[in-house]
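Every letter in the sequence shown is one number past the one before it in the working numbering, and letter 339, counting from 1, is 319. Heads up, the beta-carbon is just placed ideally off N, CA and C, and yes, glycines get one too. The model shown is predicted, which means the values in this text are computed figures rather than measured ones. Take a look at the structure below.
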Amino acid sequence: MHPDNISAELKAVSAPTPRSISVMGSTGSIGTNTIDLIERNPDLFRVEALTANKNVTLLAKQAVALKAKLAVVADPGCFAALKDALAGTGIEAAAGPEGLLEAAERPSDLVMAAIVGFAGLAPTLAAIRRGATLLLANKEALVCAGELMMAAVQQSKARILPVDSEHNAIFQVFDFERKSGIEHITLTASGGPFRLFSKEQMEHVTREEALAHPNWVMGEKISVDSASMMNKGLELIEAAYLFGLPEKQIKVLIHPQSIIHSMVSYVDGSVLAQLGSPDMRTPIAYTLAWPERIKTPVAPLDLARIGQLTFEEPDPERFPALDLARVALKTHKTVVFNAANEIAVEAFLSEKINFASIARFVAGAMDRFSGLEKASLEEIIALDEEVRCWCNRSLKN
Ligand code: NAD
Ligand code: MG
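Printed below as a string of structure tokens:
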């Protein structure tokens, strides 16, 4: 064959075919990092749908820039503003829970699940049920409906690629074919802004102090969760479902530099870890390109400059969240754990309760409610609602 023809043939084989993607929660911290990577790789992705809660201006800007087919606001009160912002662009607008479902259910190869909290559960499950490849950031969905979601994955042949940096790290070094060789996994935790605070000091910390994470820039809810270590509790439950491990095989280790993102210990003494600069664009890029890799603007890891990596055991006295999560997992109270925490975080952010009360509040709800096994989506939604009502009533008293 003539060399010119060979190179033409090679070009045809290696020309990237764009994959279609819908980004749920495109205006948030994970959402905007995802959009940033999509914009840097215009040949690789074609955007189907984008969703936001209320931020019409940014949503419309993203939809126009990426030529999305559909833009959805969760808050129906923002629908008129979205329609106005998209007038003449040919981009469809929708709103409310049905709009979110429509975005998740439309055919697309990939769905980035980056809505925060329980609000993301129904669309996340819908994407799984239609067999999409789900890039999962919305950990609260898996915490509340782990059994249901993993069963739906089996049924629909969907795939979950974890975006959460710890789970993404484990996914990269976990031997799924030879699970019996795995002794345990270790989730690393930065320890958050109050790592060295006393119990007494944590009674008086402010909203701003809780939101100032030392290593990561994130949305408000996960920032407070990181400060209380509820985030690591949610991640422990997330790991149990994603990797099919009992809680006793999931350890947590404080690593303030956030360079080792998590690790897997094998029975022969080998420990495999994934390392990198603390920037969510690495795990997001891994899920976007999987099984390939794409370049990112993430700062290269310079271990000589960092000098030291340090480790500590978590302190259950000052950070009771981890033990609460273990109990929640063992007693099937993960819906209660999550709902009470969401309400407590909102109450702390609006300065109705102090920081140390978050864990006490979650413990109170877990005492009050019983667990839920093999539940349907409807049963999970009903329990979530019941816990929220109880929490809101107790906040008023
Ligand atoms: P964020 O608050 O920055 O963004 C949340 C997104 O969800 C926004 O687009 C918002 O408009 C949308 N949203 C909020 N409430 C909604 C509702 N009721 N209905 C529909 N949409 C709604 O949050 P984030 O930090 O990007 O986190 C998103 C998810 O990713 C969370 O579950 C979080 O735990 C997880 N996560 C985040 C990070 C991070 O670095 N930010 C890391 C790991 C995991
Ligand atoms: Mg994480």
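message: Given the structure, does Asn211 come close to the ligand MG, in the sense that its CB is under 8 Å from one of the ligand's heavy atoms?
response: Counted from its first residue, the sequence shown places residue 211 at position 231. Yes - the ligand MG has a heavy atom lying nearer than 8 Å to the Cβ of Asn211.
task: Pair every Cβ in the segment 71 to 84 with every Cβ in the segment 227 to 240, then say whether three or more of these pairs are closer than 8 Å.
output: Segments in contact, no.
message: At the 9 Å Cβ level, is Ser0 part of the contact set with chain C, yes or no?
response: As a matter of chain content, chain C is missing from the structure shown, which is built from one protein chain.
message: Is any non-hydrogen atom of the ligand NAD found closer than 8 Å to the C-beta of Met260, if you look at the structure I gave you?
response: The residue you call residue 260 lines up with position 280 of the sequence shown. In this structure, Met260 has its beta carbon less than 8 Å from a heavy atom of the ligand NAD.
- prompt: Ser160 to Thr69, Cα distance in whole Å?
  reply: Along the sequence shown, one-based indexing puts residue 160 at 180. Along the sequence shown, one-based indexing puts residue 69 at 89. About 54 Å.
query: Any idea which residues DSSP pairs Ala29 with across the strands?
result: By one-based count along the sequence shown, residue 29 stands at place 49. Bridge pairing for Ala29: Leu50 [DSSP].
Contact check, Val342 vs Phe317, beta carbons under 9 Å: Position 362 of the sequence shown, counted from the first residue, corresponds to residue 342. Position 337 of the sequence shown, counted from the first residue, corresponds to residue 317. Going by C-beta atoms, Val342 is nearer than 9 Å to Phe317.
- prompt: Around the Cβ of Gly287, are there at least 16 other Cβ atoms within 10 angstroms (buried) or fewer (exposed)?
  reply: The count along the sequence shown starts at 1 and reaches residue 287 at position 307. Answer is exposed; the Cβ neighbour count stays below 16.
Extent of the continuous beta strand (DSSP E) to which Ile378 belongs: In the structure as shown, the chain starts at -19 and stops at 377, and residue 378 therefore has no counterpart that could be examined.
Environment of Ala50 [buried if 16+ CB atoms lie within 10 Å]: In the sequence shown, residue 50 corresponds to position 70, counting from 1. Looking at the sequence itself, residue 50 is Leu, so the reference to Ala does not match. Around the Cβ of Leu50, a 10 Å sphere holds 16 or more other Cβ atoms; the residue is buried.
query: Which residues bound the beta strand (DSSP E) around Ser0?
result: As a working mapping, residue 0 is identified with position 20 in the sequence shown. Its beta strand (DSSP E) spans residues -1 to 4.
- prompt: For Val367, does the three-state DSSP call read helix, strand or coil?
  reply: Here residue 367 refers to the residue found at position 387 of the sequence shown. Residue state, collapsed to three classes: helix.
task: Using the DSSP secondary-structure output, state which residues sit across from His74 in a beta bridge.
output: As a first step, residue 74 must be located in the sequence shown, where it is residue number 94. Just to set this straight, residue 74 is Ala in the shown sequence, not His. According to DSSP, Ala74 bridges with Val52.
Whole-angstrom distance between Ala74 and Trp270, CA atom to CA atom: By one-based count along the sequence shown, residue 270 stands at place 290. By one-based count along the sequence shown, residue 74 stands at place 94. Between Trp270 and Ala74, the alpha-carbon positions lie close to 30 Å from each other.
The ligand NAD heavy atom lying under 8 Å from the CB of Ile95: Position 115 of the sequence shown, counted from the first residue, corresponds to residue 95. Checking every heavy atom of the ligand NAD against the Cβ of Ile95, one is found closer than 8 Å.
- request: Quick one: residues in its chain with C-beta nearer than 7 Å to the C-beta of Ile110, no 5 flanking neighbours on either side, listed in chain order?
  value: To locate residue 110, count along the sequence shown from 1; it is residue 130. At residue 110 the sequence reads Arg, which differs from the Ile that was named. The residues are Glu85, Ser136.
message: Taking a contact to mean a Cβ-Cβ separation below 9 Å, would you say Ile140 touches Phe154 in this structure?
response: Locating residue 140 in the sequence shown gives position 160, counting from the first residue. Locating residue 154 in the sequence shown gives position 174, counting from the first residue. Phe154 sits away from Ile140, with the two beta carbons spaced by 9 Å or more.
message: One question on the structure: do Asp23 and Pro(-2) come within less than 9 Å of each other, judged by their Cβ atoms?
response: Stepping through the sequence shown from its first residue, residue 23 is reached at position 43. Stepping through the sequence shown from its first residue, residue -2 is reached at position 18. Cβ distance < 9 Å, so Asp23 and Pro(-2) count as in contact.
field: Beta-carbon contacts of Asn195 that lie in its chain and below 6 Å, excluding the five residues immediately before and after
entry: Numbered from its first residue, the sequence shown carries residue 195 at position 215. Only Ser170, Ser238, Pro258 meet the Cβ criterion.
field: C-alpha gap between Glu297 and Ser203, whole angstroms
entry: Position 317 of the sequence shown, counting from 1, holds the residue named residue 297. Position 223 of the sequence shown, counting from 1, holds the residue named residue 203. The straight-line gap from Cα to Cα measures roughly 21 Å.
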